[in-house]
Ligand code: BGC
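Residue numbers (our numbering): 171 to 586.
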């Protein structure tokens, strides 16, 4: 019996070790793309590499926004066993680069002219001291609203363009017995909604002052109190089971007609497409009212972890595949994001994708393109987490709106 148990343990350990270690010619990719739409997009990347004869060891870590993935990553790096390539966001990428953990991608970047085609807003999170440290996959933005078209039509609701029209639509849905807003109560989702709501009240300059410059006067301002007041209105329009719900299950509520709207980044579009829905026919996408000419963005990138020496041939091939114009189009059409290169045609994109590309270009030239707080493009993790805590505590009724603005000032000043 004992030796049987020992053998069983040895086999189990061997399996764990084999599963954790990539073959020499494989890339091991750590990511958090585990929903249906995300997995469909990931398959585009896997297929591309397989076509080049490069094997793929998958390391998915569930949890939207990537917090859990970053925890697993830290454990792997601490154990001296960093994956080959890791999905990363904004300031997290800069942190890993500054710790000396990332391979230098300058050779691939120079050969393929990344400097000329990747927009400056992304280069700020992909280059450190003139060195390319990650390969940008896409640009997402968080200030979108997704709606079920039949639910809106049945209730005589047209796309709201102001906060007042939006709240009127919420009241109409509520009176009709439809959940007005599908939401998942997780800190990163609460803060994703807050990105858009804060931008709508503060405007681009106020958002920049509060969340990028961390100006205490703006963080604690009357406008910030108003932003929290609007969050309270949103809280009053979600169903009773919102707490802890995954974002894609909230999207499913809109897809199924259980709810009217979801405020979520454009990865939500991947879920609608994966369910066979068509923009303009089954679902609608529009910017959160009051942010029509603004974009709060986040960009997924793949960091290539230094495996002891120069970037490996497989890492270089992965980076090169990611930046190729054909991949940028094929992947982002499925993912819901828009290309990380400025020279990719919008031809293959649906109406939401075309709008996303046009909005991004317009916001970049007007100065209204600002990093998402929720997705690590406004602040390093310590400040981001401090903001998460306040936004979530307020959403769950622990603070009134004036207290929340005051707490924001304190929490940010301690964290920064
Ligand atoms: C990522 C997206 C992802 C979303 C939900 C965001 O932080 O940028 O690629 O789809 O989280 O998991």
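For glycine and all other residues, C-beta sits at the position ideal for the given N, C-alpha and C.
Owing to the predicted nature of the structure, the values given are computational and were not obtained by experimental measurement.
Consider the C-beta atom of residue 266 and the heavy atoms of the ligand BGC; say whether any pair is separated by less than 7 Å.
The residue you call residue 266 lines up with position 96 of the chain shown. Not under cutoff, so the answer is no.
Cα separation between residue 443 and residue 452?
The sequence position of residue 443 within the chain shown is 273, counting from 1. The sequence position of residue 452 within the chain shown is 282, counting from 1. Those two C-alpha atoms are separated by around 10 Å.
Spell out a yes or no on whether the region 283-290 and the region 569-579 are touching, meaning 3 or more CB-CB pairs, one atom from each, closer than 8 Å.
Short answer: they don't touch.
Out of 554, 385, 503 and 517, which one is the CA nearest neighbour of residue 632?
No statement about residue 632 is possible, as the shown extent of the chain runs from 171 to 586 and does not include it.
Do residue 501 and residue 488 have their CB atoms nearer than 8 Å?
Numbered from its first residue, the chain shown carries residue 501 at position 331. Numbered from its first residue, the chain shown carries residue 488 at position 318. Between residue 501 and residue 488, the C-beta gap is not smaller than 8 Å, which leaves the two residues out of contact.
Within a Cβ cutoff of 8 Å, which residues of the same chain sit near residue 337, ignoring the five residues on either side of it in sequence?
For this step, residue 337 is matched to residue 167 along the chain shown. Hits under 8 Å: 403.
Tell me residue 455's beta-bridge partners as DSSP assigns them.
Working through the chain shown from its first residue, we reach residue 455 at position 285. DSSP output for residue 455 lists 316 as bridge partner(s).
Complete alpha helix (DSSP H) runs within the region 250-335 (minimum length 4 residues, chain order):
The qualifying runs are 260-268, 276-282, 284-287, 290-296 and 319-324.
In angstroms with no decimal places, state the Cα-to-Cα distance between residue 387 and residue 518.
Working through the chain shown from its first residue, we reach residue 387 at position 217. Working through the chain shown from its first residue, we reach residue 518 at position 348. Distance between the alpha carbons of residue 387 and residue 518: 45 Å.
Is it the case that the CB of residue 353 approaches a heavy atom of the ligand BGC more closely than 7 Å?
Translated into the one-based positions of the chain shown, residue 353 becomes position 183. In this structure, the ligand BGC has no non-hydrogen atom nearer than 7 Å to the beta-carbon of residue 353.
Please list, in chain order, all residues of the same chain as residue 576 whose beta carbon is under 8 Å from its beta carbon, the five residues on each side excluded.
Taking the first residue of the chain shown as position 1, residue 576 is located at position 406. The answer, listed in chain order, is 390.
With a 10 Å radius around its C-beta and 16 neighbouring C-beta atoms as the bar for buried, classify residue 350 as buried or exposed.
Residue 350 sits at position 180 when you count from the first residue of the chain shown. With 16 or more Cβ atoms within 10 Å of its Cβ, residue 350 is classed as buried.
8 Å contact criterion, which residue 305 and residue 425 should meet: CB distance rounded
To locate residue 305, count along the chain shown from 1; it is residue 135. To locate residue 425, count along the chain shown from 1; it is residue 255. With a contact defined as Cβ atoms closer than 8 Å, residue 305 and residue 425 miss out at about 32 Å.
Three-state secondary structure (DSSP) at residue 417?
Position 247 of the chain shown, counted from the first residue, corresponds to residue 417. Under the three-state reduction of DSSP, residue 417 is assigned to helix.
Kindly examine the ligand BGC and report whether one of its heavy atoms sits closer than 7 Å to the Cβ of residue 539.
One-based indexing of the chain shown puts residue 539 at position 369. The beta carbon of residue 539 sits no closer than 7 Å to any heavy atom of the ligand BGC.
Residues bridged to residue 226 by DSSP?
What you label residue 226 is simply residue 56 of the chain shown in a count that begins at 1. 197, per the DSSP bridge assignment.
Is residue 470 near the ligand BGC - that is, is its Cβ less than 7 Å away from at least one heavy atom of it?
Working through the chain shown from its first residue, we reach residue 470 at position 300. For the ligand BGC, at least one heavy atom lies less than 7 Å from the Cβ of residue 470.
Simplified DSSP state of residue 204, which is helix, strand or coil:
Sequence index remark: in the chain shown, residue 204 carries index 34 (1-based). Correct three-state label for residue 204: coil.
Are the region 524-531 and the region 554-568 touching, with three or more C-beta to C-beta distances below 8 Å?
In this structure the region 524-531 does not lie against the region 554-568, because fewer than three pairs of beta carbons, one per stretch, are closer than 8 Å.
Output the boundary residues of the alpha helix (DSSP H) element that contains residue 432.
Locating residue 432 in the chain shown gives position 262, where the first residue counts as 1. No alpha helix (DSSP H) contains residue 432, which is instead part of the beta strand (DSSP E) from 429-433.
Which of helix, strand or coil does DSSP assign to residue 540?
Sequence index remark: in the chain shown, residue 540 carries index 370 (1-based). Strand at residue 540.
Rounded straight-line distance, which links the Cα of residue 236 to that of residue 439:
In the chain shown, counting from the first residue as 1, residue 439 sits at position 269. In the chain shown, counting from the first residue as 1, residue 236 sits at position 66. Rounded to the nearest angstrom, the two C-alpha atoms are 18 Å apart.
Determine the closest residue to residue 418 out of 376, 293, 398 and 445, with distance taken between C-alpha atoms.
As a working note, residue 418 is residue 248 in the chain shown. With distances taken between Cα atoms, residue 418 lies closest to 445.
Run the CB neighbour count on residue 315, radius 10 Å, all protein chains shown included, and call it buried at 16 or more, exposed below.
Within the chain shown, residue 315 is the residue found at index 145, counting from 1. Looking at its Cβ environment, which holds 16 or more other Cβ atoms inside 10 Å, residue 315 is buried.
Between which two residues does the alpha helix (DSSP H) harbouring residue 449 extend?
Within the chain shown, the letter at position 279 stands for residue 449. Note, residue 449: premise wrong, no alpha helix (DSSP H); not H, not E.
According to DSSP, is residue 192 helix, strand or coil?
Counting from 1 along the chain shown, the entry for residue 192 is found at position 22. Caution is warranted here: a pLDDT of 43 is assigned to residue 192, below 50, making its placement in the model unreliable, and no coordinate value can be reported.
Express the C-alpha separation of residue 341 and residue 334 in angstroms, rounding to a whole number.
As a first step, residue 334 is located in the chain shown; it is residue number 164 there, counting from the start. As a first step, residue 341 is located in the chain shown; it is residue number 171 there, counting from the start. The straight-line gap from Cα to Cα measures roughly 11 Å.
Whole-angstrom distance between residue 537 and residue 462, CA atom to CA atom:
For the purposes of this step, residue 462 is taken as residue 292 along the chain shown, with counting starting at 1. For the purposes of this step, residue 537 is taken as residue 367 along the chain shown, with counting starting at 1. Taking the straight line joining both Cα atoms gives about 14 Å.
Among 225, 224, 226 and 263, nearest to residue 243 - alpha-carbon criterion
Your numbering for residue 243 matches position 73 in the chain shown. When C-alpha distances from residue 243 are compared across 225, 224, 226 and 263, the shortest belongs to 263.
I want to know whether the region 199-214 touches the region 323-331 - three or more CB-CB distances under 8 Å.
At 8 Å Cβ cutoff, the stretches do not touch.
Extent of the continuous beta strand (DSSP E) to which residue 466 belongs
Along the chain shown, one-based indexing puts residue 466 at 296. Per DSSP, residue 466 is one residue of the beta strand (DSSP E) stretching across 465-468.
Ignoring anything shorter than 4 residues, give me the alpha helix (DSSP H) runs that lie fully in the region 498-562, in order along the chain.
521-536, all fully within the region 498-562.
Residue 177 by DSSP, collapsed to three states: which one?
Residue numbering aside, residue 177 sits at position 7 when the chain shown is read from its first letter. For residue 177, the pLDDT reaches just 42, beneath the cut-off of 50, and the residue's location in the model is therefore unreliable, although a value from the coordinates is still provided. Helix, per DSSP.
Identify whether residue 355 lies in helix, strand or coil by the three-state DSSP scheme.
The residue you call residue 355 lines up with position 185 of the chain shown. Here residue 355 sits in strand by DSSP.
Between the CA atoms of residue 199 and residue 226 - distance to the nearest angstrom:
Numbered from 1 along the chain shown, position 56 holds the residue referred to as residue 226. Numbered from 1 along the chain shown, position 29 holds the residue referred to as residue 199. It is roughly 7 Å from the alpha-carbon of residue 226 to the alpha-carbon of residue 199.
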